[in-house]
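Everything on this sheet refers to the single structure shown next.
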Amino acid sequence: MRPDSATTAHLAHHFESLEKQQHAARLGMWLFLATEVLLFTVLFAGYAVYRYLFGPDFAAASRSLATWIGLVNTVVLVTSSFTVAMGFHRISIGDGKGTRNLFFLSVLLGFVFLGFKYVEYSHHFLAGELPGRYFTSTVNAGPGAPLFWALYFLITGLHGVHVVIGMTVLAVVGWKAGRGAYSREYHVPVELAGLYWHLVDLIWIFVFPLIYLI
Amino acid sequence: MNPSPASEAGYATRNYLNLPATGLRSWLRTLDHKRIGVMFLVAVSVAFALGGFFALLIRLELLTPGPTVMDAMTYNRVFTLHGVIMIFLFMIPAIPSGFGNFLLPIMLGAKDVAFPRLNLLSFYIYLAGAAVAIWGMIHGGADTGWTFYTPYSTTTTTRVVPVLLGAFIIGFSSILTGLNFIVTTHTMRAPGMGWGRIPLFVWGIYATSIIQVLATPVLGMALLLVAVENAFGWGIFDPARGGDPVLFQHFFWFYSHPAVYIMILPAMAVISEVVCAFARKNIFGYKAIAYSSLGIAFVGFFTWGHHLFTSGQSTLTGGIFGVLTMFVGVFTAIKVFNWTATLYRGSISFKTPFAYFVGFLFFLVFGGMTGVALATLSLDVHWHDTYFVVAHFHFIMVGATVMGFLAALHYWWPKITGRMYHEGWGLVGSVLVVLGFNFTFIPQFLLGNEGMPRRYFSYPERYWALNVASTAGASVLAFGLVLVLVVILVSLRWGRAAGPNPWGSAGFEWNTPSPPPPENYHETPVFTRGPHEYHHEEPGGSPPAGPEPKA
Amino acid sequence: MNELMRRLLFLPEQASEHARQIDALHYFVIVTTMIAAAGVFLTALWFFVRYRRRKEGERTPEVQPRTIHEVLFVGVPLALFLLWFAIGFPQYARLSMPPEGAMDVYVQGKKWMWKFAYPGGPSSVDRLRVPANRPVRLLLTSRDVIHSFYVPALRIKQDALPGRYTQIWFTADKPGRYEIFCAEFCGLSHSSMIGELVVMPEADFDDWVDRQRRGLASVQDGAPVPGEEVLPGANLAEQGRRVAAEHGCLKCHTVDGTRHIGPTFTGLYGRQGRLANGKTVVADEAYLTRSMMDPAADVVQGFQNVMPTFQGKLSPPEVAAVVEYIKSLETPAAAKGPSEGPVYESVPRK
Chain G
1 MRPDSATTAH LAHHFESLEK QQHAARLGMW LFLATEVLLF TVLFAGYAVY RYLFGPDFAA
61 ASRSLATWIG LVNTVVLVTS SFTVAMGFHR ISIGDGKGTR NLFFLSVLLG FVFLGFKYVE
121 YSHHFLAGEL PGRYFTSTVN AGPGAPLFWA LYFLITGLHG VHVVIGMTVL AVVGWKAGRG
181 AYSREYHVPV ELAGLYWHLV DLIWIFVFPL IYLI
Chain D
1001 MNPSPASEAG YATRNYLNLP ATGLRSWLRT LDHKRIGVMF LVAVSVAFAL GGFFALLIRL
1061 ELLTPGPTVM DAMTYNRVFT LHGVIMIFLF MIPAIPSGFG NFLLPIMLGA KDVAFPRLNL
1121 LSFYIYLAGA AVAIWGMIHG GADTGWTFYT PYSTTTTTRV VPVLLGAFII GFSSILTGLN
1181 FIVTTHTMRA PGMGWGRIPL FVWGIYATSI IQVLATPVLG MALLLVAVEN AFGWGIFDPA
1241 RGGDPVLFQH FFWFYSHPAV YIMILPAMAV ISEVVCAFAR KNIFGYKAIA YSSLGIAFVG
1301 FFTWGHHLFT SGQSTLTGGI FGVLTMFVGV FTAIKVFNWT ATLYRGSISF KTPFAYFVGF
1361 LFFLVFGGMT GVALATLSLD VHWHDTYFVV AHFHFIMVGA TVMGFLAALH YWWPKITGRM
1421 YHEGWGLVGS VLVVLGFNFT FIPQFLLGNE GMPRRYFSYP ERYWALNVAS TAGASVLAFG
1481 LVLVLVVILV SLRWGRAAGP NPWGSAGFEW NTPSPPPPEN YHETPVFTRG PHEYHHEEPG
1541 GSPPAGPEPK A
Chain H
2001 MNELMRRLLF LPEQASEHAR QIDALHYFVI VTTMIAAAGV FLTALWFFVR YRRRKEGERT
2061 PEVQPRTIHE VLFVGVPLAL FLLWFAIGFP QYARLSMPPE GAMDVYVQGK KWMWKFAYPG
2121 GPSSVDRLRV PANRPVRLLL TSRDVIHSFY VPALRIKQDA LPGRYTQIWF TADKPGRYEI
2181 FCAEFCGLSH SSMIGELVVM PEADFDDWVD RQRRGLASVQ DGAPVPGEEV LPGANLAEQG
2241 RRVAAEHGCL KCHTVDGTRH IGPTFTGLYG RQGRLANGKT VVADEAYLTR SMMDPAADVV
2301 QGFQNVMPTF QGKLSPPEVA AVVEYIKSLE TPAAAKGPSE GPVYESVPRK
């Protein structure tokens, strides 16, 4: 295969063809996403165990959460995933600027998500709904409640960290796309950034029912 | 690190050691998988020496029933350091990150791993994790044992958090390396390298990588939870706050039992190569060995509960984990039988790497059989947390894995450095190591039978004699290892040039010059035969031609 | 045969039928391991010799396995391992099924001691007395970190977990004294957390129970100092208690089994201990007397030499009284107030 000039610039010296290189990058990303899922699996498993041990306490604490915030945040994240997918579509027809705009919009939605999260967290802090030994709340103060809040903060906190990382990645890739770094032929970084954001979204899809609904 | 670039016959002067430059800076910024592999080898060897030093301190302390050279607190720190260093800094990265990095791309006919930058990053993450852990060890040190069992680890006043974080950080190094190898194996194979022609070393590393990628995040998270618990008291594993300390054991062993296979599978991978090369014989049951590696990697995820037979888990759960554990024994047995059968009608040359293979076979058979015996639940109730367990896993970890490491070191030394070590002294070293190891750990099996619990600072006097025997053996082992180091280092300066293929091996890596050029192959090779085939050549002919250059 | 194998393998005494059965499996496992290993090694050795390299550059034929080989390679070890399992699993299962009517003892692990409490009766530290030939169920828990209750002579072990109870049971059939170890690492004095299992002939155990009952009964009958164990003819011990209190002994030496500045008096008499200089001594009358007169001479390992001498401060009869007092403190419950006496019926289980 004779690589054309548009693609040779991105071909690392140790790969035979851009095709193989992109295949490698995608495979690597999927494996990385698998490790991310397993990272959260520990917390979900911990949640399941303690939910089993302290069912009523967990249910009560869960009901005390503002479901509408969780719901709005879910909608916000799903929308942002949609805009990211649109952004990926733009670059695949060669429109870098369109990708940039859509990715920046997604970052904005990420901020909206974090804003709602901030409102929720400040409420928990005021109410003393905190993990372990910091728990001071008097409502729903069963023996399992401090554990619920420990897991709540661990899961949503870790997810929040991932949101911030994802927003950073989207911002950088979007900015580069706007400057014409990617093309119709070569846009693997856009694809991978999108994949990461979808994962962040997907984890939330599990977090939301687990913590807010059941 | 950089042998004199004398232009003798057989020493490739145009090699990765002096290209693109020889300065320290060019090493620290290199993206060459071979250089990264060598740097890992140096780093893990230093860790091995450090861990070995702590092992000697342990043995010295146990020379008498009471306090010998240190107090109980120091002893608890020392055995924790020994475990943490040996497992996280030596065993897990040793063969995959060291030899795997060096050899995997060459064996696949690739110029480099798929993500060279991640590869270098992995090395620096390793160093960073090691630095954090060692900082914590110097400033207080953890006294929990490498297993960090809660609630002891969350309530102890020693400095556990940095050690936990160090292990957590090193986990990312492990993940990145594993990810890199999986992708490399999938996408970087040269033409003609179908899945049925992948060398068994690569199969072993590939299976290891799967475990590294899938299990390490779980450990990372579990260690992080302990750190949070220890530092802030969030109550996840604290029984006083409703937490379940045994849950930690489940998380911990979900990683740490597969981690045992991260340590042993690469050694098995090395042995598969060594036994073929020195018996000059095709491997008996290529598929069986390759698939059994994958089998161990898979079943290994479902055996963690055998560490909890006395923790009060249900009898049925115990039984299930017991049976699943036995499958690992079966997969291991498949390998042992196939290696032995490989010798049949071979042409066996008893060189140093082969001597380590013999040691490996001995330790693996006994280490493996005692492992299955431990999975036989009622016996485990007596042996659990005694020196029997200590002896069992040292048979696997030191016996088998370190023998694999040393076999790899001697076998690929000519490829890595372009120089031969002294064969006679190499053999002497291997005999000392194998004997010293036996003297150290066979008494520990008996101590365990007699009921001596592990992590004992002092012990009743009836255990004295066997402890003295074990310490005596440890000194022989240490002496042997120092001899090995000397023999190896001497060869860097005075060893004769090895030539591309000093062993007459059919392995693909021997088709490049020694040491290999930076790009491994001058042209992308095309593979026309399997990696362990010795029946093609003419009798008395030269080593196999291997991958033929592309026309 | 059993005795020979037991000694060859360095196994401790067998104090129960369970231990003998475990050992039988142990012998079987070891023998089959040795046979299998010998098979592999002798084959390999034969190949080493028979197929050694005779000249450089030899060619070897390609040998591939047939299906039957791999089937055997899988089938033989699997069959052997499953056989081990088939013997071992029922033994393991039996450990979690205590017989009806077993005598219950509550065991609490604590850094770094074992506390034993008989339902409704006295408790003791580091010394568990059980009758021979009667099933005993232990209900274990821990007050701090995870400990593991391990009696090598019985081949049993069970983790003691904080915040929950675990159980194990045994029927010891060989009177004697056996060590109790902590098998789960629990900190500084993990290796000193050694207790003693005293298996008494049934009659002796009943006697001991009687003695305890009578002793405690006399307390209830209105002994001068409530909470004191007054054994028949224990006037000297009572005198010793007063001496010990007057001279401040009890400020450093507890009588409830807890470790303080000095070793607890409870269960001290007759205990074997290791000294700071590595020697071991038995805390007999001579040792106790010497320790009062010259405390620095034989400091027990793990304690600081901070005790002043009582040479000249205590008269010989007072020394004898204190020694007698220490001898009387076999169990710490004595200091805990009157109790109803040991009741050895098993508590009803769910």
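Residue numbers (our numbering), protein chains in the order written: chain G, 1 to 214; chain D, 1001 to 1551; chain H, 2001 to 2350. For every residue, glycine included, the Cβ atom is placed at its ideal position computed from N, Cα and C.
### Cross-strand partners of D:THR1386 (DSSP beta bridge)
According to DSSP, which records beta bridges pairwise, D:THR1386 is partnered with D:PRO1453.
### Query
Can you tell me the Cα-Cα spacing of D:HIS1422 and G:THR168, whole angstroms?
D:HIS1422 and G:THR168 have their C-alpha atoms some 55 Å from each other.
### Query
Applying the criterion that 16 or more other CB atoms from any shown protein chain within 10 Å of the CB defines a buried residue, is D:GLN1249 buried or exposed?
By the neighbour-count criterion, in which 16 or more other beta carbons inside 10 Å mark a residue as buried, D:GLN1249 falls on the buried side.
### Task
With 8 Å as the limit, tell me which residues of the segment 1431–1449 of chain D have their beta carbon closer than that to any beta carbon of chain H; keep them in chain order.
Residues are counted here when their Cβ sits less than 8 Å from a Cβ of chain H; for the segment 1431–1449 of chain D these are LEU1446, LEU1447 and ASN1449, given in chain order.
### Task
Sort D:LEU1060, D:GLY1052, D:ARG1345 and D:LEU1377 by Cα distance to D:GLY1480 and report the nearest one.
Looking at the Cα atoms, D:GLY1052 is the closest of the given residues.
### Task
Go through its chain and collect everything with a Cβ distance to D:PHE1252's Cβ below 6 Å, but skip five positions before and after it.
Around D:PHE1252: ALA1222.
#### Entry: Within 7 Å, strictly: CB atoms of D:TRP1304 and D:PHE1254
A contact, by the Cβ cut-off of 7 Å.
#### Entry: chain B contact for D:SER1311 (CB, 7 Å cutoff)
Within the model displayed, chain B is absent; protein chains G, D and H are what it includes.
#### Entry: Environment of H:ILE2261 [buried if 16+ CB atoms lie within 10 Å]
Classification of H:ILE2261: exposed, given that the 10 Å Cβ count is below 16.
### Message
By the three-class DSSP mapping on this structure, what secondary structure does H:CYS2186 have?
### Response
Looking at H:CYS2186 - three-state DSSP - the assignment turns out to be coil, as it is neither helix nor strand.
### Message
Can you pull the chain D neighbours of H:ASP2159, defined as C-beta to C-beta under 8 Å?
### Response
At a beta-carbon threshold of 8 Å, the residues of chain D lying near H:ASP2159 are THR1310, SER1311 and GLY1312, ordered along the chain.
### D:HIS1535 (DSSP reduced to helix, strand or coil)
Here D:HIS1535 sits in coil by DSSP.
### Task
Report yes if the CB atom of H:ARG2000 is closer than 7 Å to the CB atom of D:GLY1066, and no otherwise.
One cannot answer for residue 2000 of chain H here, as it falls past the ends of chain H, which runs 2001 to 2350.
### Message
Against chain G, with Cβ distances strictly below 7 Å, would D:THR1030 count as a contact?
### Response
No, its Cβ sits nowhere closer than 7 Å to a Cβ of chain G.
### Task
Look at the alpha carbon of D:PRO1162 and the alpha carbon of D:LEU1176, and state the distance between them as a whole number of angstroms.
Going from the Cα of D:PRO1162 to the Cα of D:LEU1176 covers about 21 Å.
### Query
Considering only residues of the same chain and omitting the five flanking positions on each side of D:GLY1367, which have a CB-CB separation below 7 Å?
Excluding positions up to five away in sequence, the list reads HIS1392, PHE1395, ILE1396, GLY1399 and ALA1400.
### Query
Residues in the segment 1235–1256 of chain D with C-beta within 7 Å of chain H's C-beta atoms, listed in sequence order?
Going along the segment 1235–1256 of chain D in chain order, one finds PRO1239, PRO1245 and VAL1246 with a Cβ nearer than 7 Å to chain H.
### Task
Please compile the residues from chain D whose C-beta is within a distance smaller than 7 Å of the C-beta of G:PHE32.
Residues of chain D whose Cβ lies closer than 7 Å to the Cβ of G:PHE32 are, in chain order, LEU1179.
### Task
Please state whether DSSP places D:GLN1249 in a helix, a strand or coil.
The DSSP-derived three-state label of D:GLN1249 is helix.
### Residues near D:ASP1380 in its chain [Cβ-Cβ closer than 6 Å; skip 5 each side]
Closer than 6 Å at Cβ, skipping near neighbours: PHE1309 and LEU1374.
### Query
Grouping DSSP H, G and I as helix and E and B as strand, with all else coil, what is H:LEU2231?
With a pLDDT of only 40 at H:LEU2231, under the threshold of 50, the placement of this residue in the model should not be trusted; the figure read from the coordinates follows. H:LEU2231 falls in the coil class under three-state DSSP.
#### Entry: Neighbouring residues, chain D, relative to G:PHE54 (Cβ below 9 Å)
Residues of chain D passing the Cβ test: GLY1242.
### Message
For D:ASN1180 and D:PHE1298, I'd like the C-alpha separation in whole angstroms.
### Response
Computed Cα separation, rounded: 19 Å.
### Query
How many angstroms separate the CA atom of H:TYR2269 from the CA atom of H:TYR2118?
Cα-Cα distance, rounded: 22 Å.
#### Entry: G:ALA141 versus G:LEU147: straight-line alpha-carbon distance, rounded
The alpha-carbon of G:ALA141 is positioned some 11 Å away from that of G:LEU147.
### Message
Taking 7 Å as the limit between beta carbons, can you name the residues of its chain near D:TYR1016, skipping five residues before and five after?
### Response
Cβ neighbours of D:TYR1016 within its own chain (closer than 7 Å, five residues either side excluded): ASP1032, LYS1034, ARG1035, PRO1515, PRO1516, PRO1517 and PRO1518.
### C-beta neighbour in chain D for H:ALA2079, strict 7 Å
No Cβ of chain D is located within less than 7 Å of the beta carbon of H:ALA2079.
### Query
Which residues, in order along the segment 2179–2198 of chain H, keep a beta-carbon less than 8 Å from a beta-carbon of chain D?
Listed by position along the chain: GLU2179, PHE2181, CYS2182, ALA2183, GLU2184, PHE2185, CYS2186, GLY2187, LEU2188, SER2189, HIS2190, SER2191, SER2192 and ILE2194.
### Task
Leaving aside the five residues before and after D:PHE1321 along the sequence, list all residues of the same chain whose C-beta is less than 7 Å from its C-beta, in chain order.
The residues are THR1303, GLY1305 and HIS1306.
### Query
How would you list, in chain order, the residues of chain D whose beta-carbon sits under 7 Å from the beta-carbon of H:HIS2026?
Here the neighbours are LEU1379.
### Straight-line gap, H:ALA2079 to D:VAL1323 (C-alpha atoms, nearest Å)
Their backbone Cα atoms lie some 12 Å apart in a straight line.
### Task
Grab me the residues of D:PRO1513's own chain with a C-beta within less than 6 Å of its C-beta, minus the 5 sequence neighbours each way, in chain order.
Excluding its 5 nearest sequence neighbours in each direction, D:PRO1513 has C-beta neighbours in its own chain below 6 Å: ALA1012 and PRO1500, listed in chain order.
#### Entry: Those residues which DSSP pairs with H:ILE2156 across a bridge
Partner(s): H:VAL2151.
### Query
So which of D:PHE1357, D:LEU1050 and D:ILE1134 has the shortest CA-CA distance to D:LEU1427?
The shortest C-alpha separation from D:LEU1427 is found at D:PHE1357.
### Task
Tell me where the beta strand (DSSP E) around H:PRO2131 begins and ends.
Taken as a continuous stretch (DSSP letters only), the beta strand (DSSP E) holding H:PRO2131 covers 2127–2131.
### Task
Using a cut-off of 7 Å between C-beta atoms, extract the partners of D:THR1157 located in chain H.
Those do not exist, as D:THR1157 stays about 10 Å from chain H at its closest Cβ, beyond 7 Å.
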